[in-house]
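Trainee: Following this message is one structure expressed as structure tokens.
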Amino acid sequence: MRLVGRLVARRLLAPAIRAIRTARTYVEPAADRLTIAPQDLRTADPTMADDIYAGIFVFAGQIVECRGHSPFDVPPPSAEWERALHGFGWMRHLRAAETPLSRANARALVDDWLRKSQLPAVAWDQETAARRLLAWLTQAPMILTDADPGFYHRFLAGITRHFRQLRIRRGEEPAGLPRLKVMLALLACAVTVESFRRWVRPLARRLDEELGRQILPDGGHVDRNPNSVVEVLVDLLPIRQVLLARSFPVSQALTAAIDRMMPMVRFFRHDDGTLALFNGASSTSTGVIATVFAYDDAQARPQGDAPQSGYQRLEANGTVLVMDCGTPPPAEIARDAHAGTLAFEMSSGHSRFVVNCGAPFRPIGDWRALARITAAHSSLVVDDHSSGRIRDKGVLARLLGPVLVPGPHAVTVDRQETPRGEEGSDVAVTATHDGYAAAYGILHERRIAVSADGDHVDGHDRIRPAEGRTPADVGYVVRFHLHPSVRAEATEVGIQLSAPNGEAWIFACLDVVPQIEPSVHLADSHGLRRAEQITLTVEPGGPRELAWSLVHATRSLVPRR
Numbered sequence: 013m014r015l016v017g018r019l020v021a022r023r024l025l026a027p028a029i030r031a032i033r034t035a036r037t038y039v040e041p042a043a044d045r046l047t048i049a050p051q052d053l054r055t056a057d058p059t060m061a062d063d064i065y066a067g068i069f070v071f072a073g074q075i076v077e078c079r080g081h082s083p084f085d086v087p088p089p090s091a092e093w094e095r096a097l098h099g100f101g102w103m104r105h106l107r108a109a110e111t112p113l114s115r116a117n118a119r120a121l122v123d124d125w126l127r128k129s130q131l132p133a134v135a136w137d138q139e140t141a142a143r144r145l146l147a148w149l150t151q152a153p154m155i156l157t158d159a160d161p162g163f164y165h166r167f168l169a170g171i172t173r174h175f176r177q178l179r180i181r182r183g184e185e186p187a188g189l190p191r192l193k194v195m196l197a198l199l200a201c202a203v204t205v206e207s208f209r210r211w212v213r214p215l216a217r218r219l220d221e222e223l224g225r226q227i228l229p230d231g232g233h234v235d236r237n238p239n240s241v242v243e244v245l246v247d248l249l250p251i252r253q254v255l256l257a258r259s260f261p262v263s264q265a266l267t268a269a270i271d272r273m274m275p276m277v278r279f280f281r282h283d284d285g286t287l288a289l290f291n292g293a294s295s296t297s298t299g300v301i302a303t304v305f306a307y308d309d310a311q312a313r314p315q316g317d318a319p320q321s322g323y324q325r326l327e328a329n330g331t332v333l334v335m336d337c338g339t340p341p342p343a344e345i346a347r348d349a350h351a352g353t354l355a356f357e358m359s360s361g362h363s364r365f366v367v368n369c370g371a372p373f374r375p376i377g378d379w380r381a382l383a384r385i386t387a388a389h390s391s392l393v394v395d396d397h398s399s400g401r402i403r404d405k406g407v408l409a410r411l412l413g414p415v416l417v418p419g420p421h422a423v424t425v426d427r428q429e430t431p432r433g434e435e436g437s438d439v440a441v442t443a444t445h446d447g448y449a450a451a452y453g454i455l456h457e458r459r460i461a462v463s464a465d466g467d468h469v470d471g472h473d474r475i476r477p478a479e480g481r482t483p484a485d486v487g488y489v490v491r492f493h494l495h496p497s498v499r500a501e502a503t504e505v506g507i508q509l510s511a512p513n514g515e516a517w518i519f520a521c522l523d524v525v526p527q528i529e530p531s532v533h534l535a536d537s538h539g540l541r542r543a544e545q546i547t548l549t550v551e552p553g554g555p556r557e558l559a560w561s562l563v564h565a566t567r568s569l570v571p572r573r
């Protein structure tokens, strides 16, 4: 209720705050000239410049052919497509083409937008406007090359309008990553525009405060989405560069945030270069991750324990396992959070074997909502219910959208490392969550151990009574979603999992017969992909504990308790 009260109060006070800030802008200088352009670290595809020139715009998996009309006049096929269009992030593809035609096309499209007397509301959504301002600043050298004086003045007027509008409505954007994006765009603009330099220091202080709220001590983002760490870094690193280039001080808070986040990207990264799929994470460009790592001077190995972010990493001899051992993020920023407590992903070498379904790279039907339920994760599902509830009705949902409200209020974690001489250490993590305690009076306990040689992954899933509660006799299913490139085949000793490179693991369970069932991989940049999953199904009255194992096919196939 306190959160609802704060949100309502913020909305009621917003018009008055906006009016005061608007009055201040009447005596402020306009943008006079651009002195520097932040670098865009996102990868670009020069072949897309031809499509844009032809009036073909592909965003969020949807194609629109303008057929001679302005892209800003055609009916958008979806809200996601419309936000991407007005965010102008696609201009990096025109820059990558490095031709006079692509530069002229970029200038014409920006001018077309600037001349529009009416734009949809989404165009001035705070996060969309912040993304557009950052895109215009980073691509300014391309946009302004060979520009006539009239366009140059219109462009500066547009920069002024964005800078003022974002400051006037600052704080009205959703909490979390959108708010951080607004602060990054404002500071980038203040550093870039000569007449705005008076705002650099106060905006830098506000950015430091926002980084303190959002970047956790272990380097994770408060929304617990692995992609968010990369998303912040690709904008924060160039801002640090332009601050140094213009001889502005770089705060200790900004430097410390970057230093904490770099190892966290490595923490979530599998050896194939991709990030683990938790809490709204989808496909992330390996090129972007590699670019971020180019700025990592320390190249420190990640710690296995990320207590504030709520994750554990178990790694040995090329076998990597990442496990979600945290409670859901605060409701105010849980718009994309998933009910995947105690879910894990496992990779070996350059192949991912066990994964979560992940968030859809492109919004399709109800898949985004389905991706958030526990059954879309490699975890235990009780009575076909999720460990956390997605609230899409009521006052909170109207204010924030469909948010994940705590099922798990408490997650206990015990990590043990046992040295094995030159081989390294056996690593085991035991975690318990209470997401099913209120409805069923039970706790889910999961123990996963990785041997020092990396060839054995042994797991135990157990349902036990919650303290002071009478446990319900319910059935449950333990799911292991497989990467779509992995093929599963039943054998005499278990289920063999084969990767395209020939590497194979054997899954076995001592207590129930594993089944191979269909699944779907949502987090692929090419759209939905068919996949498979292994399920361990227990009916009411069945065993309350299951032992399972994943063993490299060249080693012993006997599950170890």
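Residue numbers are given in the working numbering: position 153 of the sequence shown equals residue 165, and the series is strictly consecutive. No residue lacks a Cβ here, since even glycine has one placed at the ideal position from N, Cα and C.
Round the Cβ separation of D438 and A464 to the nearest angstrom and send it over; I've been treating them as touching at under 8 Å.
Mentor: Walking along the sequence shown from the start, residue 438 turns up at place 426. Walking along the sequence shown from the start, residue 464 turns up at place 452. That belief holds up - the Cβ atoms of D438 and A464 are roughly 5 Å apart, short of 8 Å.
Trainee: Determine the burial state of S390: buried for a count of at least 16 other Cβ atoms within 10 Å of its Cβ, exposed for fewer.
Mentor: For this step, residue 390 is matched to residue 378 along the sequence shown. Buried, since its Cβ has 16 or more Cβ neighbours within 10 Å.
Trainee: Bridge partners for D438 per DSSP, in chain order?
Mentor: Here residue 438 corresponds to residue number 426 of the sequence shown, with the count starting at 1. Looking at the DSSP assignment, D438 forms a beta bridge with T430.
Trainee: May I have the straight-line CA-CA distance separating A511 from P341, to the nearest angstrom?
Mentor: For the purposes of this step, residue 511 is taken as the residue at position 499 of the sequence shown. For the purposes of this step, residue 341 is taken as the residue at position 329 of the sequence shown. Taking the straight line joining both Cα atoms gives about 34 Å.
Trainee: In whole angstroms, what is the alpha-carbon distance linking A565 and C521?
Mentor: Within the sequence shown, the letter at position 553 stands for residue 565. Within the sequence shown, the letter at position 509 stands for residue 521. Their Cα atoms are separated by approximately 15 Å.
Trainee: Counting along the chain, where does the alpha helix (DSSP H) carrying V262 start and finish?
Mentor: As a first step, residue 262 is located in the sequence shown; it is residue number 250 there, counting from the start. Unbroken run through V262: none, as it is neither H nor E.
Trainee: Nearest by alpha-carbon distance to P452: which of L562, D470, D426 and R481 is it?
Mentor: Counting from one through the sequence shown, the residue named residue 452 turns up at place 440. The question names Pro, but residue 452 is Tyr in the sequence shown. Closest by alpha carbon: R481.
Trainee: Look up M276 in the DSSP assignment and give the residues it is bridged to.
Mentor: Along the sequence shown, one-based indexing puts residue 276 at 264. Answer by DSSP bridge pairing: none, since M276 is not bridged.
Trainee: Which word fits I75, buried or exposed, when buried means at least 16 other C-beta atoms lie within 10 angstroms of its C-beta?
Mentor: Within the sequence shown, numbered from 1, the residue matching residue 75 stands at position 63. It counts as exposed.
Trainee: Where does Q324 fall in DSSP's three states?
Mentor: The count along the sequence shown starts at 1 and reaches residue 324 at position 312. Correct three-state label for Q324: strand.
Trainee: Once the 5 residues before and after A202 are set aside, which same chain residues still bring their CB inside 6 Å of it?
Mentor: Residue 202 sits at position 190 when you count from the first residue of the sequence shown. The residues are F208, W211, V212 and L215.
Trainee: With 16 other CB atoms within 10 Å as the buried threshold, where does L534 fall?
Mentor: Counting from 1 along the sequence shown, the entry for residue 534 is found at position 522. Classification of L534: buried, given that the 10 Å Cβ count is 16 or more.
Trainee: For T386 and S399, what's the separation of their Cα atoms in angstroms?
Mentor: Position 374 of the sequence shown holds residue 386. Position 387 of the sequence shown holds residue 399. One C-alpha to the other measures close to 6 Å.
Trainee: Which residue or residues does DSSP assign as beta-bridge partners of M335?
Mentor: Locating residue 335 in the sequence shown gives position 323, where the first residue counts as 1. Paired residues: Q324 and F356.
Trainee: Note down the Cα distance separating I376 from S537, rounded to an integer number of angstroms.
Mentor: Position 364 of the sequence shown, counted from the first residue, corresponds to residue 376. Position 525 of the sequence shown, counted from the first residue, corresponds to residue 537. Roughly 13 Å between the two C-alpha positions.
Trainee: May I have the straight-line CA-CA distance separating Q177 from V490, to the nearest angstrom?
Mentor: Sequence index remark: in the sequence shown, residue 177 carries index 165 (1-based). Sequence index remark: in the sequence shown, residue 490 carries index 478 (1-based). Spanning the two alpha carbons is a distance of roughly 50 Å.
Trainee: Spatial neighbours of P555 within its chain, please: C-beta separation below 6 Å, excluding the five flanking residues on both sides.
Mentor: Reading the sequence shown from its first residue, position 543 is the one you call residue 555. Closer than 6 Å at the Cβ level, and outside the excluded window around P555, lie D523.
Trainee: Put P477 into one of helix, strand or coil per three-state DSSP.
Mentor: Along the sequence shown, one-based indexing puts residue 477 at 465. Residue state, collapsed to three classes: strand.
Trainee: Can you grab the Cα-Cα spacing for the pair V134 / S259, in whole Å?
Mentor: Counted from its first residue, the sequence shown places residue 134 at position 122. Counted from its first residue, the sequence shown places residue 259 at position 247. Distance between the alpha carbons of V134 and S259 is about 36 Å.
Trainee: Does the segment 339 to 353 touch the segment 225 to 237, meaning 3 or more C-beta pairs lie closer than 8 Å?
Mentor: At 8 Å Cβ cutoff, the stretches touch.
Trainee: Determine the extent of the beta strand (DSSP E) in which E40 is found, giving its start and end residues.
Mentor: Your numbering for residue 40 matches position 28 in the sequence shown. Element bounds for E40: n/a, residue is neither H nor E.
Trainee: Take W379 as the anchor and find which of M358, I475, D348 and G361 has the nearest alpha-carbon.
Mentor: Locating residue 379 in the sequence shown gives position 367, where the first residue counts as 1. Looking at the Cα atoms, D348 is the closest of the given residues.
Trainee: Once you ignore the five residues that flank L131 on each side, which residues in its own chain have a CB closer than 6 Å to its CB?
Mentor: The residue you call residue 131 lines up with position 119 of the sequence shown. Cβ neighbours of L131 beyond the five flanking positions: none.
Trainee: When DSSP labels each residue in this structure, what does L215 get in the three-state scheme?
Mentor: Position 203 of the sequence shown holds residue 215. Looking at L215 - three-state DSSP - the assignment turns out to be helix.
Trainee: Nearest by alpha-carbon distance to L540: which of P88, F373, K193 and H105 is it?
Mentor: Mapped onto the sequence shown, residue 540 falls at position 528. If we check each option's Cα against that of L540, F373 comes out closest.
Trainee: Should H98 be labelled buried (16 or more other beta-carbon atoms within 10 Å of its own) or exposed?
Mentor: In the sequence shown, residue 98 corresponds to position 86, counting from 1. Looking at its Cβ environment, which holds 16 or more other Cβ atoms inside 10 Å, H98 is buried.
Trainee: Taking R179 as the reference, which of T55, I518, L168 and R218 has the closest Cα?
Mentor: Walking along the sequence shown from the start, residue 179 turns up at place 167. Cα-wise, what sits closest to R179 is R218.
Trainee: Could you tell me which whole alpha helix (DSSP H) segments of length 4 or greater appear in the segment 225 to 251?
Mentor: Segments of the alpha helix (DSSP H) lying fully in the segment 225 to 251: there are none.
Trainee: I need the DSSP call for W517, collapsed to helix, strand or coil.
Mentor: Position 505 of the sequence shown, counted from the start, is the residue given in the question as residue 517. Residue state, collapsed to three classes: strand.
Trainee: Rounded to the nearest angstrom, what separates T574 and A169 at their Cα positions?
Mentor: Only positions 13 to 573 of the chain appear in this structure, which leaves residue 574 out of reach.
Trainee: I need the DSSP call for F208, collapsed to helix, strand or coil.
Mentor: Residue 208 sits at position 196 when you count from the first residue of the sequence shown. The answer is helix: DSSP assigns F208 an H, G or I state.
Trainee: Leaving out the 5 sequence neighbours to the left and right, which residues in its chain are closer than 7 Å to R499 when beta-carbon positions are compared?
Mentor: To locate residue 499, count along the sequence shown from 1; it is residue 487. If we look at R499 and ignore the five residues flanking it on each side, its Cβ neighbours are S510.
Trainee: Suppose you measure from the CA of S531 to the CA of H493; what does that come to, to the nearest Å?
Mentor: In the sequence shown, residue 531 corresponds to position 519, counting from 1. In the sequence shown, residue 493 corresponds to position 481, counting from 1. So the two alpha carbons sit approximately 7 Å from each other.
Trainee: Would a C-beta distance cut-off of 8 Å place P314 and F279 closer than the cut-off?
Mentor: Numbered from 1 along the sequence shown, position 302 holds the residue referred to as residue 314. Numbered from 1 along the sequence shown, position 267 holds the residue referred to as residue 279. Going by C-beta atoms, P314 is nearer than 8 Å to F279.
Trainee: Give the straight-line distance between the Cα atoms of I528 and M274, rounded to the nearest whole angstrom.
Mentor: Position 516 of the sequence shown, counted from the first residue, corresponds to residue 528. Position 262 of the sequence shown, counted from the first residue, corresponds to residue 274. Spanning the two alpha carbons is a distance of roughly 38 Å.
Trainee: Would a C-beta distance cut-off of 8 Å place Q311 and D317 closer than the cut-off?
Mentor: As a first step, residue 311 must be located in the sequence shown, where it is residue number 299. As a first step, residue 317 must be located in the sequence shown, where it is residue number 305. No, these two residues do not count as a Cβ contact at 8 Å.
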